[in-house]
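Accompanying notes for the structure given below.
Numbering (my numbering), first residue to last: 515 to 585.
Shown next, in the form of structure tokens:
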């Protein structure tokens, strides 16, 4: 059977946090489930991040960040 794939958009407050989150996603990968990081970066959640997530059917994860007013 094919693995279930969860698409995500990830934004974090600092690079170190982002790298730790991305590493954790790799560690939880199994034959049954995988995380597909559609986009990642440092800084607040922007309107383009949200639009990308909608288009990709992705979950948005923000770590210690806020959405910008336009998002």
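Positions of the beta carbon are idealized from the N, C-alpha and C atoms, including for glycine.
### Cα-Cα separation between residue 528 and residue 574, rounded to whole angstroms
Residue 528 sits at position 14 when you count from the first residue of the chain shown. Residue 574 sits at position 60 when you count from the first residue of the chain shown. Whole-angstrom Cα-Cα distance: 17 Å.
### Task
Provide the residue span of the beta strand (DSSP E) that contains residue 550, from first to last.
Here residue 550 corresponds to residue number 36 of the chain shown, with the count starting at 1. Taken as a continuous stretch (DSSP letters only), the beta strand (DSSP E) holding residue 550 covers 547-556.
### Message
Which of the three DSSP states is assigned to residue 530 in this structure?
### Response
On the chain shown, residue 530 is found 16 positions in, with the first residue counted as 1. The answer is helix: DSSP assigns residue 530 an H, G or I state.
### Query
Which partner residues does residue 571 have in the DSSP bridge list?
Counted from its first residue, the chain shown places residue 571 at position 57. None, per the DSSP bridge assignment.
### Task
Since I believe residue 541 is in contact with residue 561 (beta carbons under 8 Å), could you give me their beta-carbon distance rounded to a whole number of angstroms?
Taking the chain shown and counting its residues from 1, one reaches residue 561 at position 47. Taking the chain shown and counting its residues from 1, one reaches residue 541 at position 27. Actually they are not in contact, since the Cβ atoms of residue 561 and residue 541 sit about 31 Å apart, beyond 8 Å.
### Task
Identify, in the order they occur along the chain, each residue of the same chain with its Cβ nearer than 6 Å to the Cβ of residue 552, setting aside the five sequence neighbours on each side.
Within the chain shown, numbered from 1, the residue matching residue 552 stands at position 38. Excluding sequence neighbours, residue 552 sits near 521, 523, 570, 572.
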